[in-house]
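Visitor: In our numbering, the protein residues as written are 50 to 253.
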Amino acid sequence: MTQSSIDLPGLPTLTWTGAPSSASVDPDRGGLVMTAAAGTDWINHAQTGVRNASASALGFTADGDFALSAQVTVAFGSTFDAGALCLFSSQESWAKLCLERSPQGQAMAVSVVTNGGYSDDCNSAVVDGDSVYLRVSRSGRAYAFHSSTDGQQWNFVRLFRLTARAGHVKVGFLAQTPLGEACTATFSEIQLTDRAPADLRDGS
């Protein structure tokens, strides 16, 4: 279902970063279901120079420090299918933390950061199954990515800055399928707080 905006409990109204895509509220799990169309992705490829900004995310502008987390479940079908938490200011300034299917067929936590040019793309931990908890947070001018198997003990993935000013960055949710016909990602147990973890590396 294509809607211009989505309302979820505990979050500001979610709006699209680009053209509206397929998204709905999951009545059973109280979360968000997004289905990516064929060929959709966010990447400014460092090796080939190819830029694909065909995916559209649902998000809101966050002021000050925050932490947004969710359990992300992906119906994998093709390589690079993913559900992600993301940050977006422009096609030149964005980042995403994905549960993504690797070329080896593994589910992995994958982070991508783009600042003014090409994407810095890094695979992290292998995930057992099709679901993982992901978290994006902001502390001052820095952003952090974490993953977790249970939503309690968090593993540090990445710390970085974006060139965009904080008030110009949306945080939210993304589904992609660069090589597939469609990919559905479900975001449940969504939580938003107005503070970042005190220590990014101690598992809190």
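All residues carry an ideal CB built from backbone N, CA and C; glycine is no exception.
(1) Starting from the Cα of Gly261, find the closest Cα among Leu228, Thr212, Arg244 and Glu238 and give me that residue.
(2) Ignore the nearest five residues each way along the sequence and tell me which others in Val218's own chain have a CB closer than 6 Å to its CB.
(3) Need the endpoints of the beta strand (DSSP E) that Gln225 sits in, please.
(4) What separation, rounded to the nearest whole angstrom, lies between the Cα atoms of Cys171 and Val206?
(5) By Cβ distance below 7 Å, which residues in the same chain neighbour Ile55 in space, the five residues on each side in sequence not counted?
(6) Should Ser253 go down as buried or exposed, given a rule of 16 or more other Cβ atoms within 10 Å for buried?
(7) What did DSSP end up calling Gly132 once you bin it into helix, strand or coil?
(8) What three-state label does DSSP hand Gly80 in the structure shown?
(9) Taking Thr122 as part of the beta strand (DSSP E), name the residues at either end of that continuous run.
(10) Whole-angstrom Cβ separation of Tyr192 and Ser118, contact assumed at under 8 Å?
(11) Assuming Ala245 and Ser142 make a contact with CB atoms under 8 Å, what is their CB distance in whole Å?
(12) Using the C-alpha atoms, what's the distance from Ala68 back to Ala116?
(13) Any idea what DSSP makes of Gly216, helix, strand or coil?
(14) Using alpha carbons as the reference points, say which of Asn93, Val185, Ser237 and Ser196 lies closest to Tyr167.
(15) Out of Ser173, Asp243, Val162 and Ile239, which one is the CA nearest neighbour of Pro58?
(16) Near Val162, what residues of its chain come up, given a Cβ to Cβ distance below 6 Å and the 5 sequence neighbours on each side ignored?
(17) What number of angstroms, rounded off, separates the C-alpha of Ala124 from the C-alpha of Gly189?
(18) Since Leu146 and Ser160 should fall inside the 8 Å C-beta cutoff, what is the C-beta to C-beta distance between them, to a whole number of angstroms?
(19) Put His195 into one of helix, strand or coil per three-state DSSP.
(20) Give me, in chain order, the residues of the same chain whose beta-carbon lies closer than 7 Å to that of Gly221; leave out the 5 immediate sequence neighbours on both sides.
(21) Excluding sequence positions up to five away, which residues of its chain have a Cβ less than 7 Å from the Cβ of Thr242?
Guide: Let me lay it out:
(1) The structure shown does not extend to residue 261, since the chain spans only 50 to 253, so no value can be given for it.
(2) Along the sequence shown, one-based indexing puts residue 218 at 169. Spatial neighbours of Val218 in its own chain (CB-CB distance under 6 Å, excluding positions within 5 residues in sequence) are listed in chain order as Leu136 and Ser138.
(3) The count along the sequence shown starts at 1 and reaches residue 225 at position 176. Element bounds for Gln225: Lys219 to Gln225.
(4) To locate residue 171, count along the sequence shown from 1; it is residue 122. To locate residue 206, count along the sequence shown from 1; it is residue 157. Straight-line Cα distance between these residues: approximately 9 Å.
(5) The residue labelled residue 55 in the question sits at position 6 within the sequence shown. By the criterion of a C-beta distance shorter than 7 Å, Ile55 is surrounded in its chain by Leu63, Ala72, Val74, Leu81 and Leu107, once the five residues flanking it on both sides are discounted.
(6) Taking the first residue of the sequence shown as 1, we reach residue 253 at position 204. Exposed, by the Cβ-count rule.
(7) Indexing the sequence shown from 1 puts residue 132 at position 83. Strand.
(8) Looking up residue 80 in the sequence shown gives position 31. Here Gly80 sits in strand by DSSP.
(9) The residue you call residue 122 lines up with position 73 of the sequence shown. Counting along the chain, the beta strand (DSSP E) containing Thr122 begins and ends at Phe115 to Val123.
(10) In the sequence shown, residue 192 corresponds to position 143, counting from 1. In the sequence shown, residue 118 corresponds to position 69, counting from 1. Between the beta-carbon of Tyr192 and that of Ser118 there is about 14 Å, and that puts the pair past the 8 Å contact cut.
(11) On the sequence shown, residue 245 is found 196 positions in, with the first residue counted as 1. On the sequence shown, residue 142 is found 93 positions in, with the first residue counted as 1. The C-beta distance from Ala245 to Ser142 rounds to 20 Å, too long to meet the 8 Å contact threshold.
(12) Reading the sequence shown from its first residue, position 67 is the one you call residue 116. Reading the sequence shown from its first residue, position 19 is the one you call residue 68. Ala116 and Ala68: Cα-Cα distance of roughly 26 Å.
(13) Here residue 216 is taken as the residue at index 167 of the sequence shown, counted from 1. Of the three classes helix, strand and coil, the one that applies to Gly216 here is helix, per DSSP.
(14) Residue mapping note: residue 167 aligns to position 118 of the sequence shown, counting from 1. Checking every option, the nearest Cα to that of Tyr167 belongs to Asn93.
(15) Position 9 of the sequence shown, counted from the start, is the residue given in the question as residue 58. Nearest of Ser173, Asp243, Val162 and Ile239 to Pro58, Cα basis: Ile239.
(16) Numbered from 1 along the sequence shown, position 113 holds the residue referred to as residue 162. These residues qualify, in order along the chain: Ala144, Asp169 and Phe209.
(17) Residue mapping note: residue 124 aligns to position 75 of the sequence shown, counting from 1. Residue mapping note: residue 189 aligns to position 140 of the sequence shown, counting from 1. As the crow flies, the alpha-carbon of Ala124 is around 35 Å from that of Gly189.
(18) Within the sequence shown, the letter at position 97 stands for residue 146. Within the sequence shown, the letter at position 111 stands for residue 160. About 5 Å separates the two Cβ atoms, so the contact holds.
(19) Start at 1 with the first residue of the sequence shown, and residue 195 comes out as number 146. Secondary structure at His195: strand, using DSSP grouped into helix, strand and coil.
(20) As a first step, residue 221 must be located in the sequence shown, where it is residue number 172. The answer, listed in chain order, is Leu63, Ala106, Leu107, Gly108, Phe109 and Cys135.
(21) Here residue 242 is taken as the residue at index 193 of the sequence shown, counted from 1. Excluding sequence neighbours, Thr242 sits near Phe115 and Ala116.
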